[in-house]
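What follows is a single structure, written as structure tokens, with notes after it.
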Amino acid sequence: MTKTVSFDESVFCELGDELGAEDTAMVLNTFLADTANRLLRLEAGGEVRSAIRREAHSIKSSAATFGFGTLSQVARDLEAGAEAMPQAALRESVQELRRAFEATRTFAQDKLLNPLSGAAA
Amino acid sequence: MRAIQHRTEQLRGRLLVVEDDLVQQTIIGTIGAKLGYDSVVASTVESASNLLRTEKFDMMTLDLSLGERDGVELLRLISGLKLNALPIVVISGYEERILNTIKRVAATFDLSLINCLSKPLNIDKLRVALVKPAFHRPIADCEAARPAIGRDRIVAALEQKEFFVELQPKIDLRTNEICGAEALARWLAPEFGIVSPEIFVPLIEQFGLMPALTHLVCDTAVAIGSRLIRQSPGFTIAVNVSGSDLGDLTLPERIDGILREHDVRPESLVVEVTESIAMSDVGRAMDVMSRLRLRGVGAAIDDFGTGFSSLAALAKLPFNELKIDKTFAGNCDTDQDMMKVVEASIALAKAFGMKTVAEGIDHSSTLKALLDAGCDSGQGHLFAPSLRTRQFASLMKQWDPGAAGRYPAAAPSRRRTAALACG
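Sequence lines, in order, name chains A and B.
Numbering-wise, the first sequence is residues 27 to 147 according to this note's numbering.
Numbering-wise, the second sequence is residues 48 to 470 according to this note's numbering.
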């Protein structure tokens, strides 16, 4: 299952170059909070399939903006199967997304946000 | 609704960010602020509609998927509000085919679509799109700038011979020879300058004066053509004939008269039929066209694929040439959807034993794609724009099929034409 985080540093650096350290940290924090909320909604299980697809679509796009390859890929799989997957597979796919997100969040906090807050200070 | 203030000395005005995703809102708004925009974020179609109705913006980014609704209805609204000059950057995670269609939708609404960016958002491309200055529309295209032109003014223009003809060369794509020219009506009005055909053709249709213009253009074009045909046997001259002309049962006799007067064989003339107005009376059109064809005059179906009843007209009328519209041919090297239409059009033409002419060849890559698809001939800015008679004659004299135009050594023809057009 998802242990490692594939991360495209060049994509993240480009974002950092455009936004600067402070805004990059702000946007990244927004992403982590927003994605955490989306996951809670997905895990609650009350959403219709089209809403699940849209949540997955958003996570896929935003994760890719930061260069978070694994998370984007797992969200892409959920988006592709959201409308047709059996219920059990859907739950499994959401759990997979949760694992990918937790790994990404840990990585982001340790490797990206801490150095960024150092740079901004 | 969120607002993000500009953070630069240079002010670019107000940016409307239509986006339902919090992360994307923040990124786009922040990039905008760093470029000097005051960004306003709208997350739903409703809030964006309200903002567009009540406030003024200098730039807009639009995500196509907004919850259960989509951004296309906003494009329609922008057109309805006559905000055609508002620069729009479309951002979407959808596939290229859908984005291409959105581009066409924006073109249909005559909107200022600057760019379509795909997700994940490339920040560099976004920045470039947002700093691109709004493109300025030529004044003649603006509704308000159109002079009011009445029927009497156009009757006078026809009598005073204010209409004249420009010629655009048709090139045989295999030999790279100039094989003919399309005659295009132009109007130089002393008080307005050059009036665009997009303005005068609908007026002439509306006033029922098309037969008079067609007669004038045909007479002028055949007169010019007679000299060119002597210079280059096999050369054909094409004139545009509208649906309303084909309702005129005297057209074949009038064309006969013109050909005799200038001593030109019927085979050297091609009538290009557009369906800008639906051919309401197909019976008459069949009558007129069959008599023209019996005399030996060629007939081309113009702007194929864009009219109301292209396939019905193709099946019923005796065309011997099919002109693939520039919206298909001009983009066929970069747009796979367009290439499919081009290939199907060529196959259809072959099935009917017709020659194919591609319009809108502006790049050597387009020429290469059309050659590979088996297209016979074409016209476009890669070879030459429409030219005054004298310029066209010198282009014919200088034309070297081995040296220019033909792929891959296409570039010289562009330079040569540019020099001619300026000279």
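C-beta atoms are modelled at their ideal positions from N, C-alpha and C, and glycine is treated no differently.
(request) Please confirm whether L121 (chain B) and A95 (chain B) have their CB atoms less than 7 Å apart. (result) yes
(message) So for Q57 (chain B), helix, strand or coil by DSSP?
(response) coil
(request) Could you say which of B:L111, B:I348, B:D105, B:D350 lies nearest to C163 (chain B) if we only look at CA atoms? (result) B:L111
(request) Spell out whether any CB of chain A is found under 7 Å from the CB atom of K387 (chain B). (result) Cβ-Cβ to chain A under 7 Å: no for K387 (chain B).
(request) Classify R184 (chain B) as buried or exposed, calling it buried when 16 or more other Cβ atoms lie within 10 Å of its own Cβ. (result) Residue placement at R184 (chain B) is flagged as unreliable, the pLDDT there being 39, under the threshold of 50; the coordinate-derived value follows with that caveat. By the neighbour-count rule (16 or more Cβ atoms within 10 Å), R184 (chain B) is not buried but exposed.
(message) Could you compute how far the alpha carbon of P258 (chain B) sits from the alpha carbon of G330 (chain B)?
(response) The straight-line gap separating the alpha-carbon atoms of P258 (chain B) and G330 (chain B) is approximately 18 Å.
(request) Taking F57 (chain A) as the query, report the chain B residues whose CB atoms sit under 7 Å from its CB, ordered along the chain. (result) V70
(request) Would you verify that the beta carbon of V100 (chain A) is, or is not, closer than 7 Å to some beta carbon of chain B? (result) no
(request) Taking C-beta pairs closer than 9 Å, name the residues in chain A that R174 (chain B) reaches, listed in chain order. (result) E44
(request) Drop a sphere of 10 angstroms on the beta-carbon of L296 (chain B), count the other beta-carbons inside from all chains shown, and report buried for 16 or more, exposed for fewer. (result) exposed
(request) State yes or no: is the C-beta of F38 (chain A) within less than 7 Å of the C-beta of G93 (chain A)? (result) For F38 (chain A) and G93 (chain A), yes; Cβs fall inside 7 Å.
(message) Using 7 Å as the threshold, is the C-beta distance between S87 (chain A) and K166 (chain B) below it?
(response) Contact check for S87 (chain A) against K166 (chain B) passes: the beta carbons are separated by less than 7 Å.
(request) Report the residue from B:A440, B:Q445, B:G425 whose alpha carbon sits nearest the alpha carbon of T222 (chain B). (result) B:G425
(request) Within 10 angstroms of the Cβ of D188 (chain B), are there 16 or more other Cβ atoms? Answer buried if so, exposed if not. (result) Unreliable positioning characterises D188 (chain B) in this predicted model, as indicated by a pLDDT of 40, which lies under 50. A coordinate reading is not provided.
(request) For the beta strand (DSSP E) holding L316 (chain B), just list the boundary residues, first then last. (result) 316 to 320
(message) Please list the terminal residues of the continuous alpha helix (DSSP H) segment that includes A376 (chain B).
(response) 373 to 376
(request) Tell me, please, whether the segment 360 to 376 of chain B touches the segment 402 to 412 of chain B by the rule of three or more beta-carbon pairs shorter than 8 Å. (result) These segments touch.
(request) Tell me L45 (chain A)'s beta-bridge partners as DSSP assigns them. (result) Paired residues: none, contrary to the question.
(request) Excluding the 5 residues preceding and the 5 following T77 (chain B) in the sequence, name in chain order all residues of the same chain whose CB lies nearer than 7 Å to its CB. (result) I51
(message) Can you confirm whether the segment 64 to 71 of chain B touches the segment 79 to 89 of chain B when touching is taken to mean that 3 or more C-beta pairs between the two stretches lie within less than 8 Å?
(response) yes
(message) Among the candidates B:Y84, B:T55, B:L293, whose CA atom is the shortest distance from the CA of E319 (chain B)?
(response) B:L293
(request) Measure from the C-beta of T50 (chain A) to each C-beta in chain B and report whether the shortest distance is under 7 Å. (result) Proximity of T50 (chain A) to chain B, defined by a Cβ-Cβ separation below 7 Å, is not satisfied.
(request) For my contact list, M401 (chain B) and L364 (chain B) are in at a C-beta cut-off of 8 Å; report their separation, rounded to the angstrom. (result) The Cβ separation is near 11 Å, so there is no contact.
(request) Show which residues of chain B have a CB atom less than 8 Å away from the CB atom of A90 (chain A). (result) K166, P167
(request) Could you check the C-alpha separation between R435 (chain B) and G304 (chain B) for me, to the nearest Å? (result) 25 Å
(message) At the level of alpha carbons, what is the spacing between G272 (chain B) and A153 (chain B)?
(response) Near 40 Å, if we compare the C-alpha coordinates of A153 (chain B) and G272 (chain B).
(request) For the alpha helix (DSSP H) holding S88 (chain A), just list the boundary residues, first then last. (result) 75 to 92
(request) Output yes if chain A places a C-beta closer than 7 Å to the C-beta of I74 (chain B); else output no. (result) yes
(request) Can you tell me the Cβ-Cβ gap for E53 (chain A) and L45 (chain A), rounded? I've got them flagged as a contact below 8 Å. (result) The amino acid occupying residue 53 (chain A) in the given sequence is Val; Glu does not appear at that position. About 6 Å; that satisfies the 8 Å criterion.
(request) Leaving out five residues on either side along the sequence, give the residues of the same chain with a beta carbon under 6 Å from the beta carbon of G377 (chain B). (result) So the list reads G407, once near-sequence residues are dropped.
(request) Could you run through the segment 73 to 102 of chain B and flag, in chain order, every residue whose CB is less than 7 Å away from some CB of chain A? (result) Correct list: T73, I74, T77, I78.
(request) Answer yes or no: does any C-beta atom of chain B fall closer than 7 Å to that of S84 (chain A)? (result) yes
(message) At the level of alpha carbons, what is the spacing between V248 (chain B) and A195 (chain B)?
(response) 14 Å
(message) Looking at the secondary structure, which residues open and close the alpha helix (DSSP H) in which V419 (chain B) lies?
(response) Checking the displayed sequence, the identity of residue 419 (chain B) turns out to be Asp instead of Val. D419 (chain B) -> alpha helix (DSSP H) spans 411 to 420.
(message) Excluding the 5 residues flanking G449 (chain B) on each side, which residues of the same chain have their C-beta closer than 7 Å to its C-beta?
(response) none
(message) Assuming the contact rule is C-beta atoms closer than 8 Å, A268 (chain B) and V286 (chain B) should be a hit. Round their C-beta distance to whole Å, please.
(response) 5 Å
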